[in-house]
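Trainee: Numbering (full-length UniProt numbering), first residue to last: 1 to 1198.
(1) On the three-state DSSP scale, how would you describe residue 807?
(2) Exposed or buried, residue 249, counting other C-beta atoms within 10 Å across all chains shown (16 or more means buried)?
(3) Going by the DSSP bridge assignment, what does residue 1035 pair with across the sheet?
(4) Provide the residue span of the beta strand (DSSP E) that contains residue 273, from first to last.
(5) Applying the criterion that 16 or more other CB atoms from any shown protein chain within 10 Å of the CB defines a buried residue, is residue 962 buried or exposed?
(6) Who pairs with residue 867 in a beta bridge, going by DSSP?
(7) Could you pull the start and end residues of the beta strand (DSSP E) that residue 294 belongs to?
(8) With burial defined as no fewer than 16 other Cβ atoms inside 10 Å of the residue's Cβ, what is the status of residue 700: buried or exposed?
(9) Going by DSSP in three states, residue 694 sits in which element: helix, strand or coil?
(10) Consult DSSP for residue 1214 and reduce its assignment to one of helix, strand or coil.
(11) Let me confirm a value: residue 256 is counted as buried when at least 16 other C-beta atoms fall within 10 Å, else exposed. Which label applies?
(12) Could you have a look at residue 126 and say whether DSSP puts it in helix, strand or coil?
(13) Evaluate the contact criterion for the region 479-487 versus the region 356-369: three or more CB pairs, one atom per stretch, below 8 Å.
(14) Suppose only complete runs of 3+ residues qualify. What are the beta strand (DSSP E) ranges in the region 88-147, listed by chain order?
(15) Between the alpha carbons of residue 297 and residue 209, how many angstroms are there, rounded?
(16) Does the region 309-324 come into contact with the region 186-196, if we say contact requires no fewer than three beta-carbon pairs (one atom in each stretch) closer than 8 Å?
(17) Give the DSSP-derived three-state secondary structure of residue 7 in the structure shown.
(18) How big is the Cα-Cα spacing for residue 128 and residue 467?
(19) What's the C-alpha gap between residue 605 and residue 1020?
(20) On the CB-based measure, 16 or more other CB atoms within 10 Å of its CB, does residue 408 come out buried or exposed?
(21) In this structure, how does DSSP classify residue 252 when only helix, strand and coil are distinguished?
(22) How is the beta strand (DSSP E) around residue 517 delimited, first residue to last?
(23) Rounded to whole angstroms, what's the CA-CA distance from residue 980 to residue 973? Just pull it up for me.
(24) From 470, 478, 515, 471, pick the residue whose C-alpha is nearest to that of residue 490; which is it?
(25) Contact check, residue 87 vs residue 102 under 8 Å by CB: the rounded distance?
(26) So, does the region 260-276 touch the region 285-300, judging by three or more C-beta pairs under 8 Å?
(27) Are residue 1014 and residue 1042 touching if we call contact CB-CB under 8 Å?
(28) Using 10 angstroms around the beta-carbon of residue 243, count the other beta-carbons present and answer buried if the total reaches 16, otherwise exposed.
(29) Please name the residue in 1082, 780, 686 whose C-alpha comes closest to that of residue 641.
(30) Here's the rule: buried if 16 or more other CB atoms are within 10 angstroms of the residue's CB, otherwise exposed. What is residue 572?
(31) Residues in its own chain within less than 8 Å of residue 828 by CB, not counting five upstream and five downstream?
(32) Given this structure, state the Cα-to-Cα distance separating residue 307 from residue 118, to the nearest angstrom.
(33) Within the continuous alpha helix (DSSP H) that includes residue 564, where are the two ends?
(34) Taking the alpha-carbon positions, what's the residue 1078 to residue 207 distance?
(35) Grab me the residues of residue 710's own chain with a C-beta within less than 7 Å of its C-beta, minus the 5 sequence neighbours each way, in chain order.
(36) The alpha helix (DSSP H) with residue 463 in it runs from where to where?
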């Protein structure tokens, strides 16, 4: 056994790691790894080997302790002599060529291009001259006829490892021999060297030369630093990825098309004919031979021309200077953040027409005076350009984005290159709107200089790097939505750009032109943008030292429209009444009318009031009054309605305790509120965790409670006292209690009654859990206006068959559903019979226009569907929109604010955004809640002082007697104003999502998963892999050798989270994908597998025809390959919405009517099959009994 030595390795990729393994297996010591490759660092960390980046003080790292050898393996950087002198023995480099030939880089490609028959690898001592040191080990490799750069690199890789293992042994035994290379034979290929003529095929070359070039530039899926072979047709370039040399000699002029077949074009060369089999666009997109032939009208006899000699010279000249900038452009393209113009109608891009129009604009006189008198050193064109990008930053949102950049110097250099290089380059704009325009101008000039310094890149660069090939936007011909173009004169512009908007600046800077694609932008929008830009320019010259974030964008007319006209919602209402007082007034009007119906029982207004009074007197005797919280843990029932009214009558505020919630969530609510009293029943009390509250049983204690007075209590509460506290999902991992006073709900109910007007003939179906605030209007709106409140049975709100049945039988007129439930309901049999509906409210999630049209088509009901929006913090609904036929929207707008409510759409600096520009939605008015219970910091963060309260807009409102709006609620929702004043909801700004109408903070779900001991890291997202089926998916990195099952995680979470917050699927990964900026790339997270998840129980196949049918239904609904009879529907990824589909299909398959709760109670195929078999057997007995009864009757025995 030889002597052990110590070493440090520098390099990238997998080859140095394989060499490290060889060294360790042979007992040698690894003191460290130096690499710019993140995967190398990950490996080193897991193997407890010290590691650094090459830029992190390399000399200090290598000098920490003496070591014998420094191995440089796939190391792209040249090491200075002072580093080479540090090892006690020597520094050794690996090179993928038979030195001294093919020194430098890309050796395998050059060997193939030169049609070498052999190649090789070399391990050599490192010297001051690159690849010129003494040779320690060399292996020669044969080159096959069909060899590519990819396959030859693979051979070199294998030879390198074998040679390295031998070299290590020779070094350890001290028998390694170094031989001096014959430097007279040395050939060197620099990093910037490229194939002649940029790799463009010259048909005057031999077929074998062309074949060699194409194979030499074929790196497979690996990065290709050299270039691609390109076909030149009519000033267009295409990548040739596969060519075949044919046996027949060429008899026609080089470049002549000899034959065209569906999958090949046969072309003559200077020697043999060749067949082009595979062609790509210059960006690497697949292109069929048939499409190529059709596009250019290619025919047999046509001739492909070579590019002109002067073009070749210009291309080769640029090929000497441009390659050194390639790394810069690859990184910029990989991290591209394209600016999305808020005004662009992207659906129009699907139209295959590109029509352009101009809109000229002159530099305002005030700006000219400013530049002449106060900034004479500034270039006018640079001023205009900087102002434009600052304007884009204000309307586009992010402070960092990329636009296209086209400038005069570059265009002059690219003359004669026929589009081989990018004439429009990605220009990174970084604008800090907190800075003054003066500061931004100076910083922006540096950004422009950086872009110009790096010139451009070859158009084929996207196809050559895997990191770029995976980005779909880079395959688009029109890459940049916005381009800035500098020209000598505006008249010099060609007239078309291929972009959404080109901002063209004349050299003198006195005027500019907005060239826009009319399929995406129209004249009105461009005029609006130009007006905003003019206002912005005026702000710049007026306040050049002021923060750009606060410079105006809105004209006086637009500002007045948004602030005053669209927020003119003042309506007088009683300011001294609580909700239960409205109910009591209604009792006086219609005491004998039916107030509430639950299944087969009902109460009149008088009866309901008397029961509520009896309980309220009891609660008052227990100390309930204003600001006292009373928990209520009941299922939907008459007792629930009595309990809610009683709490309010006693002066207290109710806190819903949903008995279906997990114990841990209920425990948090009880601890957070310190509830002194809970209303429940003997049956449901066991669903509550341990607590110190006094329990009032509405079943076993009712006889005693009924001895209390039936008279109304003296109201001690005021409209400013709390009516309820409802808990919503919280981003910190714990829910947050939203405190809502009577005043906001009073306004909500008055608005509803004024706008939609309930009568005694109306029947409102109550379907929403009282833990969610829409239940408030469902319950109290009808009770305060003489209508009937119809209570759906517990769980019935998720059963579409039941809902249709109730709507028809009870003649329901008012209904509220989330869009996902409405979608399922409209597919239900018998929905066309629901003709009594006159008011249907949708809310909780985006309402697709397609669903609106489906509603109108199925029910033929008009002006009855309302899209509502509002966070719990704003007392239910804050805006509404009456759904219409034949709109141009994709998603229904959320409309305008309700009575006594204001909406503002602001940017991140609380400045109003123009019409059509996205911003965060803020809500003001009487509906605002008090804040969050015991969360003063969060309350201060989300309920902010109105920044416009002392502004002209607020003064005008108050001068007209409008309400005070001192506070605004920060919704976290992204929205924009449409030109008619309606608001369009665009999504969330934070980590909150809406799934099936439930508001879910993903952070709370992630925090719960992270508590599992086997979970190392997790991220949760909402996915919609199947249209209409949005669900939560958790991605988990488990601790090593501790992977939990999906079943285990689901059970763990069901003890901590509400059912709707438990992910439908769990995906286990080794690592989470990161984008080039180092953040988790949620778009790269894989979709959940269609295979059956890892379950604790073994797979058992269906045994009976019924089980087989059920399993097939589950497979179809859950999108799985197979389902076992003992698999739990919800563990497999099912949820309530999918459950409704299953029950509907079971009804069609077996003709049995089962309530939705059956699937929750019997969630396996076997259990459900037994129940269906039992029901079918019972139905048969019933039919037999009915038949026998009929016979008896006919025979006179009855």
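Note that CB positions come from ideal geometry on N, CA and C, so glycine has one too.
Mentor: Reading it off the structure:
(1) Helix.
(2) The residue is exposed, with fewer than 16 neighbouring Cβ atoms inside 10 Å.
(3) Under DSSP, residue 1035 shares a beta bridge with 1019, 1067.
(4) That run of the beta strand (DSSP E) goes 272-281.
(5) With a pLDDT of 40 at residue 962, under the threshold of 50, the predicted position of this residue should be treated as unreliable, though the coordinate-derived value follows. The residue in question, residue 962, is buried, as its Cβ has 16 or more Cβ neighbours within 10 Å.
(6) For residue 867, which the question treats as bridged, DSSP gives the partners 842, 881.
(7) Per DSSP, residue 294 is not a residue of any beta strand (DSSP E); the alpha helix (DSSP H) it occupies stretches across 289-296.
(8) Residue 700 comes out exposed.
(9) It is a strand residue.
(10) There is simply no residue 1214 to check, as the chain begins at 1 and stops at 1198 in what is shown.
(11) The C-beta of residue 256 has 16 or more other C-beta atoms within 10 Å across all chains shown, which makes the residue buried.
(12) DSSP places residue 126 in coil when its eight states are reduced to three.
(13) In the pairwise beta carbon analysis, the region 479-487 is classified as not touching the region 356-369: fewer than three pairs are separated by under 8 Å.
(14) Segments of the beta strand (DSSP E) lying fully in the region 88-147: 90-95, 118-125, 135-142.
(15) Answer to the nearest angstrom: the Cα atoms are 28 Å apart.
(16) Contact between the region 309-324 and the region 186-196 is present, with at least three C-beta pairs closer than 8 Å.
(17) Of the three classes helix, strand and coil, the one that applies to residue 7 here is strand, per DSSP.
(18) Rounded to whole angstroms, residue 128 to residue 467 spans 34 Å at the Cα level.
(19) Roughly 47 Å between the two C-alpha positions.
(20) Per the 10 Å Cβ criterion, exposed.
(21) Here residue 252 sits in coil by DSSP.
(22) Residue 517: member of the beta strand (DSSP E) spanning 511-517, first to last residue.
(23) Their backbone Cα atoms lie some 20 Å apart in a straight line.
(24) The residue from 470, 478, 515, 471 with its alpha-carbon nearest to that of residue 490 is 515.
(25) Their Cβ separation, rounded to whole angstroms, is 26 Å, which puts residue 87 and residue 102 out of contact at 8 Å.
(26) Flag = yes, the region 260-276 and the region 285-300 touch.
(27) Their beta carbons are under 8 Å apart, which means residue 1014 touches residue 1042 by this criterion.
(28) With 16 or more other Cβ atoms within 10 Å, it is buried.
(29) Nearest C-alpha to residue 641: 780.
(30) By the 10 Å Cβ count, residue 572 comes out exposed.
(31) If we look at residue 828 and ignore the five residues flanking it on each side, its Cβ neighbours are 800, 801, 803, 804, 1144.
(32) Residue 307 and residue 118 have their C-alpha atoms roughly 33 Å apart.
(33) Boundaries for residue 564: no alpha helix (DSSP H) harbours it, and the DSSP string shows neither H nor E there.
(34) Caution is warranted here: a pLDDT of 48 is assigned to residue 1078, below 50, making its placement in the model unreliable, and no coordinate value can be reported.
(35) Closer than 7 Å at Cβ, skipping near neighbours: 610, 613, 614.
(36) For residue 463, the uninterrupted alpha helix (DSSP H) run begins and ends at 461-464, by DSSP.
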